[in-house]
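Heads up: the sequence shown at position 206 corresponds to 728 in this note's numbering, and the numbers run straight through without jumps. Every residue gets a Cβ at the ideal spot worked out from N, C-alpha and C, and that includes glycine. Quick notes on the structure that follows.
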Amino acid sequence: MESIDESHHYERSTPEPLPHAHPRLQSQSTPYLHLTAQLPPPVLSDITLDGTLIYPTTPPATALYAISNNLNLDYSTISVSRLEPRRSSTGGLSPNLNPRDKIIYKFTRPVMSETVEIIGQRRSTLPGILLLKSTRQLLKTGWALWHVYKNTESMVFRVKPKRNPEKHEVLEWQDGCGTTVAIETLATDLDNVQRDRSRARRPRLQIISATPLDDIMTDVLVTAWYRELVKQGLGYAFE
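In structure tokens form, the structure reads like this:
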């Protein structure tokens, strides 16, 4: 199975700072078991895209997911990986090693099709195939993510354009029952960025589901969000 080059995970060329600061690594003299006790699993509630990495917008600023390719590069296949900390021989988290890539989904950028196939790469992903399809209602275009498995098709998420009070374009992510689970703020378009980079706005996804999403559905949501960014053609200004 393909793997992502771990060397790029911490190379950051963009001059624009993230809306949070990276945590400082503790000294090597800190026992790993003590470090493990101080690093609870991150709560995924508000994330942003920075190059090929997906980060929380609040500390700790440890990358949670990695993308195999930048948005602006014409690659036929793109993979999404979940980043998991490596552990030492004693079982504690090691602060000196890059996290382990675990590819969870792959998708192909279609040339003449509006439907995108997303296929799980691990047993911990949804079986079958995920289909991201465009939807149109009046003058607005949205997206719907369908799960196809054993001759059945069910809606997982759908995306509807909205306007927030600050006049920013946002997208509302709903589950198959119509309940809002996340709010997406779109990135600044390229023209605005060229005029004033200080006004640049990164793509952002705020997970607001009243019922916490499990790991499987969180992975699906993050993957679909990134694939939807590819469809928009956004993100190139933030690499």
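### Query
Are the CB atoms of LYS628 and ARG604 nearer to each other than 9 Å?
Position 106 of the sequence shown, counted from the first residue, corresponds to residue 628. Position 82 of the sequence shown, counted from the first residue, corresponds to residue 604. No.
### Query
Ordered along the chain, which non-local residues of its own chain (more than five positions away) have a Cβ less than 7 Å from that of VAL670?
Position 148 of the sequence shown, counting from 1, holds the residue named residue 670. Hits under 7 Å: GLY650, ILE651 and LEU653.
### Query
What is the rounded straight-line gap between the Cα of SER616 and the Cα of LEU667?
Sequence index remark: in the sequence shown, residue 616 carries index 94 (1-based). Sequence index remark: in the sequence shown, residue 667 carries index 145 (1-based). Its pLDDT being 49, under 50, SER616 is placed unreliably in this model, and the coordinates cannot settle the point.
### Message
Counting C-beta neighbours from all protein chains within 10 Å, is the total for ARG645 16 or more, i.e. buried, or is it exposed?
### Response
Locating residue 645 in the sequence shown gives position 123, counting from the first residue. Per the 10 Å Cβ criterion, exposed.
### Query
Which residue comes first and which comes last in the beta strand (DSSP E) that contains THR702?
On the sequence shown, position 180 is the one that residue 702 refers to. Bounds of the beta strand (DSSP E) holding THR702 are 702-707.
### Query
Which value, in whole angstroms, describes the spacing of the CA atoms of VAL681 and THR745?
Position 159 of the sequence shown holds residue 681. Position 223 of the sequence shown holds residue 745. C-alpha of VAL681 to C-alpha of THR745: approximately 14 Å in a straight line.
### Task
Give me the Cα-Cα distance between GLN728 and THR740, rounded to the nearest whole angstrom.
Indexing the sequence shown from 1 puts residue 728 at position 206. Indexing the sequence shown from 1 puts residue 740 at position 218. CA-CA distance, GLN728 to THR740, rounds to 12 Å.
### Query
If you run the structure through DSSP and keep just helix, strand and coil, what is THR630?
For the purposes of this step, residue 630 is taken as residue 108 along the sequence shown, with counting starting at 1. Of the three classes helix, strand and coil, the one that applies to THR630 here is strand, per DSSP.
### Task
Could you tell me the distance, in whole angstroms, from the CA atom of THR733 to the CA atom of TYR587?
On the sequence shown, residue 733 is found 211 positions in, with the first residue counted as 1. On the sequence shown, residue 587 is found 65 positions in, with the first residue counted as 1. Per the coordinates, the alpha-carbon of THR733 lies some 22 Å from the alpha-carbon of TYR587.
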